Amino acid sequence: MTIVYEKSRGLTDVPFHYCPGCTHGVIHKLVAESLVELGVLGDAIGVAPVGCSVLAYNYFNCDMQEAAHGRAPAVATGIKRVHPDKVVFSYQGDGDLASIGTAEIVHAAHRGEKITTIFVNNAIYGMTGGQMAPTTLVGQKTTTSPFGRDEALSGKPIRIAEMLATIDGAKFVERVSVDTPANIRKAKKAIKRAFECQLKGEGFAIVEVLSSCPTNWGLTPPKALDWLRDNMIPYYPLGNFRDFEEGK
Amino acid sequence: MAKGKVTFNEDACKGCELCVTVCPVKIIELNKEKINGKGYSPAHVIDQEKCIACGSCAIMCPDSVIKVERL
Amino acid sequence: MSKVLMKGNEAVGAAAIKAGCKYFFGYPITPSSEIPEYMSKALPEAGGVFLQAESEVAAINMVYGAGGAGARCMTASSSPGISLKQEGITYAAGAEIPCVIVNMMRGGPGLGSIQPSQADYFQSTRGGGNGDYRTLCYAPASVQEIVDYVMLAFDKADYYRNPVLIAADGMIGQVMEAVEFKEPAPIDLPAKDWATTGTGEKRKPNVVNSLYLQADALQVHNKNLEKKYKLMEENEVLYEAFGLEDAEVVVVAYGTTSRIVKSAVKKAQEKGIKVGMIRPITIWPFPYEIFKKIGNNAKGILTVEMSAGQMIDDVKIGTEGRIPVYFNGTQGGVVPTPQNILEDIEKIAGGIR
Numbered sequence: 001m002t003i004v005y006e007k008s009r010g011l012t013d014v015p016f017h018y019c020p021g022c023t024h025g026v027i028h029k030l031v032a033e034s035l036v037e038l039g040v041l042g043d044a045i046g047v048a049p050v051g052c053s054v055l056a057y058n059y060f061n062c063d064m065q066e067a068a069h070g071r072a073p074a075v076a077t078g079i080k081r082v083h084p085d086k087v088v089f090s091y092q093g094d095g096d097l098a099s100i101g102t103a104e105i106v107h108a109a110h111r112g113e114k115i116t117t118i119f120v121n122n123a124i125y126g127m128t129g130g131q132m133a134p135t136t137l138v139g140q141k142t143t144t145s146p147f148g149r150d151e152a153l154s155g156k157p158i159r160i161a162e163m164l165a166t167i168d169g170a171k172f173v174e175r176v177s178v179d180t181p182a183n184i185r186k187a188k189k190a191i192k193r194a195f196e197c198q199l200k201g202e203g204f205a206i207v208e209v210l211s212s213c214p215t216n217w218g219l220t221p222p223k224a225l226d227w228l229r230d231n232m233i234p235y236y237p238l239g240n241f242r243d244f245e246e247g248k
Numbered sequence: 249m250a251k252g253k254v255t256f257n258e259d260a261c262k263g264c265e266l267c268v269t270v271c272p273v274k275i276i277e278l279n280k281e282k283i284n285g286k287g288y289s290p291a292h293v294i295d296q297e298k299c300i301a302c303g304s305c306a307i308m309c310p311d312s313v314i315k316v317e318r319l
Numbered sequence: 320m321s322k323v324l325m326k327g328n329e330a331v332g333a334a335a336i337k338a339g340c341k342y343f344f345g346y347p348i349t350p351s352s353e354i355p356e357y358m359s360k361a362l363p364e365a366g367g368v369f370l371q372a373e374s375e376v377a378a379i380n381m382v383y384g385a386g387g388a389g390a391r392c393m394t395a396s397s398s399p400g401i402s403l404k405q406e407g408i409t410y411a412a413g414a415e416i417p418c419v420i421v422n423m424m425r426g427g428p429g430l431g432s433i434q435p436s437q438a439d440y441f442q443s444t445r446g447g448g449n450g451d452y453r454t455l456c457y458a459p460a461s462v463q464e465i466v467d468y469v470m471l472a473f474d475k476a477d478y479y480r481n482p483v484l485i486a487a488d489g490m491i492g493q494v495m496e497a498v499e500f501k502e503p504a505p506i507d508l509p510a511k512d513w514a515t516t517g518t519g520e521k522r523k524p525n526v527v528n529s530l531y532l533q534a535d536a537l538q539v540h541n542k543n544l545e546k547k548y549k550l551m552e553e554n555e556v557l558y559e560a561f562g563l564e565d566a567e568v569v570v571v572a573y574g575t576t577s578r579i580v581k582s583a584v585k586k587a588q589e590k591g592i593k594v595g596m597i598r599p600i601t602i603w604p605f606p607y608e609i610f611k612k613i614g615n616n617a618k619g620i621l622t623v624e625m626s627a628g629q630m631i632d633d634v635k636i637g638t639e640g641r642i643p644v645y646f647n648g649t650q651g652g653v654v655p656t657p658q659n660i661l662e663d664i665e666k667i668a669g670g671i672r
């Protein structure tokens with residue numbers, strides 16, 4: 001008997017507190033598996049955000065620091081400058097990265113910080129109860145956009161991957177989704193490559209992962225993934241925007 | 249003849265049904281006869297013989313509930 | 320040991336490097352910009368890392384990361400920039416991260432002015448960030464003192480696993496004085512086995528964090544922090560004092576103001592007035608105990624600050640209502656003159672203030 005799949009040792013034994021069907025769990029697995037498969041779990045130092053995944057420091061089986069909201073790229077910068085030989089990553093949601101922390105992520109990319117950022121985009125603020133995020137779609141109802149996001153009032157959603165791809169120091173930028181097993185496999189490839197970008201000393205790497213929030217979207221987990229596919233992917237196209245090896 | 253063996257850590261399952269929807273041979277269901285310590289009806293395989301060991305269920309599971317082995 | 324003439328801000332950098340600080344993250348702001356400028360050249364030469372951050376906020380968070388990863392690190396700024404750092408400082412206090420933060424105080428509130436002030440006393444001693452925490456705070460009065468206390472700050476930060484502040488009025492950063500860099504006295508410091516250095520898959524993960532979602536757990540954590548702060552209060556008070564027992568007037572001042580006050584005190588003594596002085600060197604913990612030494616015959620205590628009156632609250636606490644407390648202050652970056660202070664001393668001694 002060969003093992004096709006089992007829980008990664010890159011994760012601790014602590015059960016995830018995430019809602020049933022929350023794709024944070026899937027993404028955590030991909031990060032953990034990538035670190036193990038690249039043989040760098042012992043060298044990994046992660047930075048947890050503020051958001052649903054604030055407790056990520058309990059789930060990854062490596063050294064972790066908890067950062068203030070949005071500041072994870074700056075914290076990661078401090079760690080990486082002290083330990084350039086370690087694998088430093090930040091794991092952030094759309095409030096953390098695309099709202100309060102936009103200066104920090106832009107400048108980490110701008111400096112070409114050799115860190116890897118996993119950006120979880122679920123078009124809403126989960127932990128605080130479902131408020132509008134900078135990534136919320138036009139017309140999408142949230143607790144602070146009860147009539148649907150109004151473009152005239154709040155602008156259109158922000159496309160982080162495209163924006164960061166314009167920065168020279170960002171050597172790997174890809175957007176993926178975890179709505180199907182096939183897409184999950186592609187997402188893992190991208191996340192692994194984003195860590196390889198750091199291991200090769202190329203520069204800043206980010207993977208934007210389209211994710212679901214069944215609880216705050218008011219949908220069952222399977223229907224939430226359908227909604228993601230039908231509504232988010234058209235606005236946030238999947239694909240690679242920068243790749244250090246392909247000269248992109 | 250089953251190609252694969254699937255084991256569920258029932259106490260960790262949150263009954264989200266993502267595994268149910270992605271199984272290509274449709275052999276996973278929630279076990280409505282049971283309630284685990286978290287208060288969910290855990291997922292289980294209803295026809296192990298049909299398992300093709302694709303691993304889709306385990307890949308999809310956010311809580312690493314499922315272990316898949318190829319026979 | 321030979322003395323060298325140095326500008327205060329540059330001496331801060333040199334002292335930090337002498338103390339083994341290898342990482343500086345900062346952002347320019349008047350009147351402290353010479354600190355990052357000096358570090359940008361001196362740190363790489365010393366085998367360290369200088370990084371100009373995109374903001375004061377980013378800088379303190381880089382310090383949080385570097386300090387949490389086990390390194391001696393520092394940031395420096397001036398009043399409005401220190402306001403920006405308050406979030407990072409409380410997080411560092413909560414997560415018990417050693418680091419040194421230097422404030423070259425300027426006029427405020429808000430954008431204020433670029434001239435020296437002492438108007439960040441509340442912010443420095445009452446904690447400008449949220450929650451129950453304390454930070455050791457040294458208030459040097461000369462370039463030599465800022466060198467000595469920056470070096471001491473790194474040891475104390477490591478010893479207590481806490482941020483340490485240096486609150487210098489902007490004058491000290493700008494003046495040039497002769498300094499010597501004494502060899503630091505060896506101190507027994509615990510190993511940083513709590514730092515995030517990579518598990519090597521040989522130990523359990525270290526987590527650097529200030530979040531405790533269970534209130535009971537956070538209360539326990541707070542009580543442990545309180546124990547630390549109590550130790551600081553018991554062991555770290557530093558001050559200079561003279562002439563208290565038979566004083567008619569006692570003047571209290573720190574930083575550059577204390578030097579101007581000393582000129583006034585000398586003139587008053589020449590005029591036959593018995594004047595004593597208390598100069599806090601740590602403004603937290605504040606030297607409350609020494610106030611008990613002021614004789615009962617004192618007619619008044621004059622607090623002199625470059626602010627609208629912040630340290631005066633601590634002077635009143637130390638005095639315990641025994642003797643009247645008076646205030647002489649300048650704001651906005653205006654620096655007081657000895658003459659003005661002398662007049663107040665005379666008025667208090669003459670019983671007409």
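Sequence lines, in order, name chains A, R and G.
Straight run, no breaks: the first sequence in this note's numbering ends on number 248.
Straight run, no breaks: the second sequence in this note's numbering ends on number 319.
Straight run, no breaks: the third sequence in this note's numbering ends on number 672.
Backbone N, C-alpha and C define an ideal beta-carbon position, used for all residues, glycine too.
Only a predicted model underlies this, so the values are computations on that prediction, with no experimental measurement involved.
In this chain, Ser289(R) is not harboured by any alpha helix (DSSP H), its DSSP state being neither H nor E. Asp632(G): member of the alpha helix (DSSP H) spanning 630 to 638, first to last residue.
Of the candidates Lys635(G), Pro655(G), Glu624(G), the residue whose Cα lies closest to the Cα of Ala438(G) is Glu624(G). Cβ contact annotation for Pro604(G) (same chain, cutoff 7 Å, sequence separation greater than five): Met551, Glu552, Glu555, Val556, in chain order. For Thr77(A), the nearest CB of chain G lies under 8 Å from its own CB, placing it at the interface with that chain. For Thr394(G), the enclosing beta strand (DSSP E) covers residues 392 to 396. Secondary structure at Gly387(G): helix, using DSSP grouped into helix, strand and coil.
The beta-carbon distance between Ala458(G) and Ile609(G), rounded to whole angstroms, is 15 Å. This is too long to meet the 8 Å contact definition.
For secondary structure counted as the alpha helix (DSSP H) over 4 or more consecutive residues, the stretch 1 to 49 of chain A holds these complete runs in sequence order: 24 to 37.
The distance from the Cβ of Tyr91(A) to that of Ala48(A) is about 6 Å, consistent with a contact at the 8 Å cut-off. Flagged as an interface residue toward chain A: Ser312(R), by a C-beta distance shorter than 8 Å. Residue contact with chain A for Leu530(G): present (Cβ-Cβ distance below 8 Å to some residue of chain A).
DSSP, reduced to helix, strand and coil, places Lys618(G) outside both helices and strands of the structure shown, so it counts as coil. As a beta-bridge residue in DSSP terms, Met325(G) pairs with Glu496(G). Secondary structure at Trp513(G): coil, using DSSP grouped into helix, strand and coil. Where Asp488(G) is concerned, the enclosing beta strand (DSSP E) starts and stops at 482 to 488. CA-to-CA, the gap between Leu403(G) and Gly448(G) works out to about 10 Å. In the structure shown, Arg453(G) falls within a coil segment according to DSSP collapsed to helix, strand and coil. About 13 Å separates the beta carbon of Leu164(A) from that of Ile115(A), a gap too long to meet the 8 Å contact definition.
Across the stretch 383 to 417 of chain G, CB contacts with chain A closer than 8 Å involve Tyr383, Gly384, Ala385, Gly386, Gly387, Ala388, Gly389, Ala390, Cys392, Glu406, Gly407, Tyr410, Ala414, in sequence order along the chain. For a cut-off of 8 Å, the C-beta gap from Ile314(R) to Cys267(R) is around 6 Å, short enough to register as a contact. Taking a C-beta distance under 8 Å as the contact criterion, Gly263(R) and Ser304(R) do not qualify as a contact pair. Put simply, the CB of Met308(R) is near chain A, with a gap under 8 Å to one of its CB atoms.
Per DSSP, Leu563(G) is not a residue of any beta strand (DSSP E), being assigned neither H nor E. When only Cα atoms are considered, Phe343(G) and Asn616(G) end up about 50 Å apart. With its beta carbon at least 8 Å from every one in chain G, Cys22(A) lies outside the interface. Of Pro657(G), Glu589(G), Trp513(G), Ala583(G), the smallest CA-CA separation from Ile416(G) is found for Trp513(G).
Each of Lys286(R), Leu319(R), Lys282(R), Met249(R) was checked against the Cα of Pro20(A), and the nearest Cα belongs to Lys286(R).
Sixteen is the threshold: when 16 or more other Cβ atoms of the shown chains lie within 10 Å of the Cβ of Pro355(G), as they do, the residue is buried. Here Ser34(A) is buried, its C-beta having at least 16 other C-beta atoms within 10 Å. With a threshold of 16 other beta carbon atoms within 10 Å, Arg242(A) meets it and is buried. Taking a Cβ-Cβ threshold of 9 Å, the residues of chain G close to Lys86(A) are Ala388, Thr515, Thr516, Gly517, in chain order. Collapsing the DSSP output to three states places Gly78(A) in a helix.
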